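All residue numbers for the sequence shown refer to our numbering, where the first residue is 5 and numbers rise by one.
Ideal placement from N, C-alpha and C gives every residue a C-beta, glycine not left out.
Keep in mind it's a predicted model, so treat the numbers as computed, not measured.
Here the structure comes first, spelled out in structure tokens, and everything after it is commentary.
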Amino acid sequence: MRFASLGSGSAGNSMIIEQADTRLLLDCGFGLKETIKRLERLEVLPEQLSGVLITHEHDDHAKGAFKLAQKLNIPVWLSHGTRVMTARYLPKSGAVTLHEIDSHTPFSIGDLEVTPYPVPHDAREPTQFTFTDGQAKLGVLTDAGNATPHIAQVLNGCDALVLECNHDLSMLQTGPYSYALKKRVGGQLGHLENSHAAALLAQLDTTKLKHILAAHLSAKNNTQALAKQALSAALSCENDWIGIATQSEGFAWRSC
Ligand SMILES: [Zn+2]
Ligand SMILES: [Zn+2]
5 MRFASLGSGS AGNSMIIEQA DTRLLLDCGF GLKETIKRLE RLEVLPEQLS
55 GVLITHEHDD HAKGAFKLAQ KLNIPVWLSH GTRVMTARYL PKSGAVTLHE
105 IDSHTPFSIG DLEVTPYPVP HDAREPTQFT FTDGQAKLGV LTDAGNATPH
155 IAQVLNGCDA LVLECNHDLS MLQTGPYSYA LKKRVGGQLG HLENSHAAAL
205 LAQLDTTKLK HILAAHLSAK NNTQALAKQA LSAALSCEND WIGIATQSEG
255 FAWRSC
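Have a look at this one:
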């Protein structure tokens, strides 16, 4: 199994997970042209995609999903709440195949087994995912206001982790955001701060961990150095071992 990011941050998120001929796009927060351009960078042709998963309805995750799915004639998997809240993105004409998922029930798409799990975030029914090819396990967590015991249980024992490091708390507090936005981002249904991501990581069984990437970094309230520092302290590893999913580039293919 291998995975890559097309880009990550409040201006758009998308990952690709591949096993044999199965290639899933996780979120599509970029427009059609931009998504195709970013796929090209990873040497993936759009028609090689098997389907799209949407974590929740926020623009930076859902904006481009249906258009892409319609163009490629591939299905979209999403929770009931996300389906209701993304209805506005459905194309005016033509159909898109939608599969509603239960956020506690694993399912298979081609060669990948997908395990959804619910997270606390200010969306209707936000769902994050882990992926396995039967051997390795990839865990993805973005857009979570706090790390619940259930999240820790689901992400235990991963071979690869993509973990939200949205903000540094003191940068958020002293930064340019309005009071309301600071409250939202830093709240229980907002985004995971560096120290909470590190605390989550510290409680996981990471004996099999080969890849760790910090994702969904705020452009105004975080730095790559702070995110790396927080996660490397939790793992007692070198700063450079922590990868970053950037807004402009995402990250290149990683195999596990
Ligand atoms: Zn987001
Ligand atoms: Zn969100």
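- Based on Cα-Cα distance, which residue from 87, 164 and 105 lies nearest to residue 127? Taking the first residue of the sequence shown as position 1, residue 127 is located at position 123. Looking at the Cα atoms, 87 is the closest of the given residues.
- Message: Using a Cβ-Cβ cutoff of less than 6 Å, which residues in the same chain neighbour residue 172 once the five nearest sequence positions on both sides are dropped?
- Response: The residue labelled residue 172 in the question sits at position 168 within the sequence shown. 198, 226 and 230.
- Task: My understanding is that residue 213 touches residue 169, with C-beta atoms under 8 Å, so please give their C-beta distance in whole angstroms.
- Result: If you number the sequence shown from 1, residue 213 lands on position 209. If you number the sequence shown from 1, residue 169 lands on position 165. Residue 213 to residue 169, Cβ: 16 Å. No contact.
- Item | Nearest-angstrom Cα separation, counted from residue 32 out to residue 154 | Numbered from 1 along the sequence shown, position 150 holds the residue referred to as residue 154. Numbered from 1 along the sequence shown, position 28 holds the residue referred to as residue 32. Cα to Cα, residue 154 sits roughly 26 Å from residue 32.
- Task: Find the nearest neighbour of residue 274 within the set 255, 260 and 259, judged by alpha-carbon distance.
- Result: Not covered by the structure: residue 274. The range shown for the chain is 5 to 260.
- Query: Is DSSP giving residue 50 helix, strand or coil here?
  - Reply: Position 46 of the sequence shown holds residue 50. Looking at residue 50 - three-state DSSP - the assignment turns out to be helix.
- Item | Cut-off 6 Å between Cβ atoms - residues of its own chain near residue 165, not counting five sequence neighbours on either side | Along the sequence shown, read from residue 1 onward, the residue named residue 165 stands at position 161. Closer than 6 Å at the Cβ level, and outside the excluded window around residue 165, lie 143 and 216.
- Task: For the alpha helix (DSSP H) containing residue 168, list its first residue and its last residue.
- Result: Stepping through the sequence shown from its first residue, residue 168 is reached at position 164. Careful: residue 168 lies outside any alpha helix (DSSP H), inside the beta strand (DSSP E) at 164-168.
- Cβ-heavy atom distance between residue 60 and ligand 2 below 7 Å? The count along the sequence shown starts at 1 and reaches residue 60 at position 56. Residue 60: yes, Cβ under 7 Å from ligand 2.
- Is it buried or exposed for residue 49, if we count other Cβ within 10 angstroms and need 16 for buried? As a working note, residue 49 is residue 45 in the sequence shown. It is exposed - the Cβ of residue 49 has fewer than 16 other Cβ atoms within 10 Å.
- Taking just the CA atoms, how far does residue 16 sit from residue 8? As a working mapping, residue 8 is identified with position 4 in the sequence shown. As a working mapping, residue 16 is identified with position 12 in the sequence shown. Rounded to the nearest angstrom, the two C-alpha atoms are 15 Å apart.
- Query: Quick one: what's got a C-beta closer than 8 Å to residue 51's C-beta in the same chain, skipping five residues either side?
  - Reply: What you label residue 51 is simply residue 47 of the sequence shown in a count that begins at 1. Same-chain partners within the cutoff: 76.
- Query: For residue 89, which option in 222, 65 and 99 has the closest C-alpha, if you only look at C-alpha atoms?
  - Reply: In the sequence shown, the residue the question calls residue 89 occupies position 85. Closest by alpha carbon: 65.
- Message: Could you check whether the Cβ of residue 131 sits closer than 7 Å to any heavy atom belonging to ligand 1?
- Response: As a first step, residue 131 is located in the sequence shown; it is residue number 127 there, counting from the start. Not under cutoff, so the answer is no.
- What did DSSP end up calling residue 110 once you bin it into helix, strand or coil? On the sequence shown, residue 110 is found 106 positions in, with the first residue counted as 1. DSSP places residue 110 in coil when its eight states are reduced to three.
- Mapping DSSP to helix, strand and coil, what is residue 99? Here residue 99 corresponds to residue number 95 of the sequence shown, with the count starting at 1. Here residue 99 sits in coil by DSSP.
- Task: Check whether the Cβ of residue 200 sits closer than 7 Å to any heavy atom of ligand 2, and report yes or no.
- Result: Along the sequence shown, one-based indexing puts residue 200 at 196. No, the Cβ of residue 200 stays beyond 7 Å of every heavy atom of ligand 2.
- Query: Counting along the chain, where does the beta strand (DSSP E) carrying residue 23 start and finish?
  - Reply: If you number the sequence shown from 1, residue 23 lands on position 19. Taken as a continuous stretch (DSSP letters only), the beta strand (DSSP E) holding residue 23 covers 18-23.
- Spatial neighbours of residue 35 within its chain, please: CB distance less than 6 Å, with the 5 preceding and 5 following residues excluded, ordered by chain position. Translated into the one-based positions of the sequence shown, residue 35 becomes position 31. Closer than 6 Å at Cβ, skipping near neighbours: 68.
- Query: Roughly how many whole angstroms lie between the Cα atoms of residue 200 and residue 210?
  - Reply: Position 196 of the sequence shown, counting from 1, holds the residue named residue 200. Position 206 of the sequence shown, counting from 1, holds the residue named residue 210. Inter-residue distance for residue 200 and residue 210 is about 16 Å (C-alpha atoms, whole angstroms).
- Tell me whether residue 47 is buried or exposed, calling it buried when 16 or more other Cβ atoms sit within 10 Å of its Cβ. The residue you call residue 47 lines up with position 43 of the sequence shown. Note on residue 47: under 16 other CB atoms within 10 angstroms of its CB, so exposed under the neighbour-count rule.
- Query: By Cβ distance, which residues of its chain are closer than 7 Å to residue 192, with the 5 residues on each side in sequence left out?
  - Reply: Working through the sequence shown from its first residue, we reach residue 192 at position 188. So the qualifying residues of the chain are 124, 149 and 150.
- In whole angstroms, what separates the C-alpha of residue 43 from that of residue 24? Numbered from its first residue, the sequence shown carries residue 43 at position 39. Numbered from its first residue, the sequence shown carries residue 24 at position 20. Those two C-alpha atoms are separated by around 17 Å.
- Message: Can you give me the C-alpha to C-alpha distance between residue 14 and residue 139, rounded to a whole angstrom?
- Response: Within the sequence shown, residue 14 is the residue found at index 10, counting from 1. Within the sequence shown, residue 139 is the residue found at index 135, counting from 1. Those two C-alpha atoms are separated by around 32 Å.
- Message: For a minimum of 3 consecutive residues, which ranges assigned as the beta strand (DSSP E) are wholly contained in the region 131-219?
- Response: Counting only runs of 3 or more, we get 131-136, 141-145, 164-168 and 215-219.
- Task: Note down, one range per segment and in chain order, each beta strand (DSSP E) of at least 3 residues found wholly within the region 41-90.
- Result: 55-57 and 80-83
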